[in-house]
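Residue numbers (the numbering used here), protein chains in the order written: chain A, 37 to 230; chain B, 37 to 230; chain C, 37 to 230; chain D, 37 to 230; chain E, 37 to 230; chain F, 37 to 230.
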């Protein structure tokens, strides 16, 4: 079977992209060794591209009590609930790399309740799943539970916003049939020999 | 009963906000006559505020075959499915104003299938609901159906992205208990005397 | 768009109705200033009309610890869960009028958990939603919870029966495409100037 | 295990009931040989009792293209979906008796799609299940389908209203823990020797 | 209506079956007085027949704190949740016979929460329903709850495995349209005169 | 975090196992290079172990129009729907190996509709998902659809039974917290260098 396209929509020629977008893509390519398809497919809409990655960076690169690996776990759990192939695969790679734990991403994707996580991390994902699936029921008790695990209100905002942002990303990726790069599937699976 | 706060989080003092954010808030206040709470509550996180409204403008103020009123209908239907009080009420007001139709927002919020809409508009909302609730099932047939109503692929991207973006907005608003301004409830309900 | 009919079924001529039904309709018209469509559409079936309104009056006009406004809140929450346009709009008007609270009906329709309600009222609606969506799970604990809020068993019967009766009404209205009168949408929204 | 009460609420003394209610109960006892518990338990609320049975008779004893057995099948399918023990058992007995078919009620209660029914009867129950579970989606196509089986619009009203009425009955019975009479379980199971 | 076949697949001639399978069928026929259709329909696949009944016997004929009647209750509750006509009817007969309780099977099939069961039995069925519908959420607390009712871990394995095995049986029976024998419907309904 | 046990239940000592079970385990260890935990954990119940693997072999090692890789795809899709970590991971490895396709298992686990599959394979998985989630709705049309893809009735039995059998396996694995061997996660991910 020949490989299907990475998007239902046209993928712009790198050379034709606005400078700021091309610079961002060049930077990620240098770091990762390849261009993740989310950059190529969203570049079809430059203004949305800029807002998307500005939002992404504001949530994923900020300080707080959530580690980078924990932020990526939220993405994997949310994306699995929304059945988004791109995000489960791409952010699963990031979970493996940040956590230096080659099994964790698959565990979280299938059932975080059976994953090798701390109770604090399971509470984080339980709240993320509530925001993902029935955010209208979020209540004081949810905040109280997370505070008991040493998280503060800013962390709780982070969990909700990461869940909400990737819920958006999942729906867009599903709607345009965004395909994950083959490279992601294997990344971080052999941490000891990296 | 005394009125509850507009957010679980601190609402920043306008004077203390970065200039660009204050300028945006001043502009909306001048146009609307009041400051919608989404501006005040999201200003707690300036970087996320900027990305949020950049994304919003990219999707809601762009050209295409969807009218402004139709874009807002998508927001109301999505926000009702996600039970987000802020967005149903605030964007319901916009539906009434843009469409000059005082009954439409409530109809769409309860059951768009019984609303005074064209078949084309019902097809738009049917696709939005699919993206909202089971985006992993989006398929070629969905695109074909919408094309039969004169929509092109860019319009279909718009529908999916508006649905996805406000799905994010709904989850954040629910998680922080964002309260709609009282003004929204009555806006656009008496179009003849406006 | 021309306005669709108020029912999929023939709407009887007032003059041709049995005397008791016409008297009931005359009375409501005198009080409300217009004839709510539920009277006109159900008059297609006189025996069912009589039983329907007898049941309605037995539940909604009786004494007890539930105020008229609280009885109507139950109707709005139930009708929103069942996505019944007629009942959300018509009984939303009654919530606004009885409670002299112009925002409350929309709040309850979208998400009663975020509405300006007392804890006792939220407990009433939580029980109504359980009867609406999974009545087979009603148990002793539900009764105990409501008693803690000062409700007695007769009040609990009332909540369940109002929820059940309007669940019936919702299904009939949806099946026959009963359209709410335009008048309801605006009623009670400006209580101070009434 | 001693047998639990037939209702969470007081069951009135027959002698203390209003004359019209006692007359109705006497009549059913004479015909059935016992008093079905729905009469005793609802008599706790005389006005609701009267409205309930007036509505019941208007729907179940009327003319039309639905046989009595078919009306009772709708009740069994609806009551099974709502997990109402009283109505599945009591109306299952009526299905067996009217249809002179001792297996049919259990088949319909578990899965009407595998029951010994005609295609017309399956279409009736499919529409009833739609009204029961997602009445807001009822559309022209549902009416067209039923008309193809020789049903007219009055019959379609009957199906919807029977489904809706017993959806009410199911919720009340579940909420008050109405217990079916032991007699119902065996009625109509041996039709040949009746 | 002529009676439909007992399976979508060919039912093998008894004489043509392997000796061990025919011996098993002869034995059940001698005991029951008829051949339950599950034996005839699964004999279409001899290897699967052997594994199926070996598994069945390992779970249903073993020792432990669950009585035979309680094992069969689990089957009825699971099969009702999966809407499997064959298993609800056939194992309902076994519940009646083992428990010498003619009403119990119908009660459990409709709503075990309203059945004449002990609290211990309701806890068993609550766990079975969790394994049936959301086994990924099984947790330590489930084990702790059942231990409080005097069940040990081997009993808890039994409950889960019976639920899981009959969940398999339900799906196969539904997929091949396995029809229950008429005899099952009446068995055990008149225990006093047996 | 220290690694949790592979089961909530005791794992028997290999030396203490019955000869036939130990022989089966020795054989799989020789072939795979390690002992998959399903063998060790189910050996706690020898009779169930024997029936389980006899059933497994009857379904997975038989002839027919479904390839070994396709049988394993059904397992992965079913196990993902049931959120069973053991089966998604272990049978995902088998999909990669049989299909010589390192990306396919993750694709099927997240959303088979977006996986690199033929239309015939998607039809197989669509039927498996129907058997998994709503087997009571299986109908003639399902058989007709699969026949159009060149599958015969015996293949359709195979799909249903594999789905049903692994639905059982998923529930047992979830209930006893069966942990997948670390080895499975990486197997078949680099097919070219195997």
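Where is the CB? At the ideal position from N, CA and C, for every residue including glycine.
Just to confirm my understanding: we take residue i, look at its own chain, exclude 5 residues before and 5 after, and list those with CB closer than 8 Å. What are they?
i, result
"residue 191 of chain E", "100, 101, 102, 182"
"residue 61 of chain A", "50, 53, 71, 75, 76, 79"
Is DSSP giving residue i helix, strand or coil here?
i, result
"residue 101 of chain B", "coil"
"residue 221 of chain B", "helix"
"residue 139 of chain E", "coil"
"residue 172 of chain F", "helix"
"residue 205 of chain C", "helix"
"residue 65 of chain C", "helix"
"residue 45 of chain C", "coil"
Leaving out five residues before and five after residue i in sequence, what residues of the same chain have Cβ atoms less than 6 Å from its Cβ?
i, result
"residue 144 of chain B", "109, 112, 113, 151"
"residue 185 of chain E", "156, 159"
"residue 139 of chain F", "none"
"residue 220 of chain E", "125, 126, 129"
"residue 35 of chain E", "This structure cannot settle anything about residue 35 of chain E, because the visible part of chain E is limited to 37 through 230."
Quick one: does residue i have its CB under 8 Å from some CB of chain C?
i, result
"residue 139 of chain E", "no"
"residue 115 of chain D", "no"
"residue 119 of chain D", "yes"
"residue 225 of chain B", "yes"
Express the C-alpha separation of residue j and residue i in angstroms, rounding to a whole number.
i, j, result
"residue 213 of chain B", "residue 206 of chain B", "10 Å"
"residue 45 of chain D", "residue 57 of chain F", "59 Å"
"residue 134 of chain E", "residue 167 of chain A", "47 Å"
"residue 73 of chain B", "residue 121 of chain B", "12 Å"
"residue 215 of chain A", "residue 224 of chain A", "19 Å"
"residue 142 of chain B", "residue 226 of chain B", "14 Å"
"residue 209 of chain F", "residue 173 of chain D", "39 Å"
"residue 69 of chain D", "residue 128 of chain D", "17 Å"
"residue 82 of chain B", "residue 132 of chain C", "37 Å"
"residue 126 of chain E", "residue 89 of chain E", "15 Å"
"residue 154 of chain A", "residue 136 of chain A", "15 Å"
"residue 149 of chain C", "residue 87 of chain B", "29 Å"
"residue 40 of chain B", "residue 176 of chain A", "14 Å"
"residue 203 of chain A", "residue 119 of chain D", "35 Å"
"residue 55 of chain F", "residue 98 of chain E", "22 Å"
"residue 59 of chain A", "residue 163 of chain A", "36 Å"
For residue i, which residues of its own chain have a beta-carbon under 7 Å away from its beta-carbon, when the five flanking residues on both sides are left out?
i, result
"residue 91 of chain A", "201"
"residue 124 of chain A", "112, 115, 116, 145"
"residue 48 of chain A", "79, 80"
"residue 171 of chain A", "none"
"residue 84 of chain A", "78"
Would you say residue i reaches chain E, if we count a Cβ-Cβ gap shorter than 8 Å as a contact?
i, result
"residue 84 of chain F", "yes"
"residue 197 of chain F", "yes"
"residue 222 of chain D", "yes"
Closest Cβ-Cβ distance between residue i and chain A: below 8 Å?
i, result
"residue 149 of chain C", "yes"
"residue 71 of chain B", "no"
"residue 58 of chain F", "no"
"residue 207 of chain B", "yes"
Give a yes or no on whether 8 Å exceeds the smallest Cβ distance from residue i to chain D.
i, result
"residue 146 of chain E", "yes"
"residue 79 of chain C", "no"
"residue 47 of chain E", "no"
Closer than 8 Å, CB to CB, is residue i near chain B or not?
i, result
"residue 128 of chain A", "no"
"residue 212 of chain A", "yes"
"residue 109 of chain A", "no"
Consider the Cβ of residue i: report whether some Cβ of chain F lies at a distance smaller than 8 Å.
i, result
"residue 180 of chain E", "no"
Near-chain B residues of the segment 161-173 of chain D - C-beta to any C-beta below 7 Å: Residues are counted here when their Cβ sits less than 7 Å from a Cβ of chain B; for the segment 161-173 of chain D these are 172, 173, given in chain order.
Interface positions of the segment 88-100 of chain E facing chain F (Cβ-Cβ less than 9 Å), listed along the chain: 88, 89, 90, 91, 92, 93, 94, 95, 98
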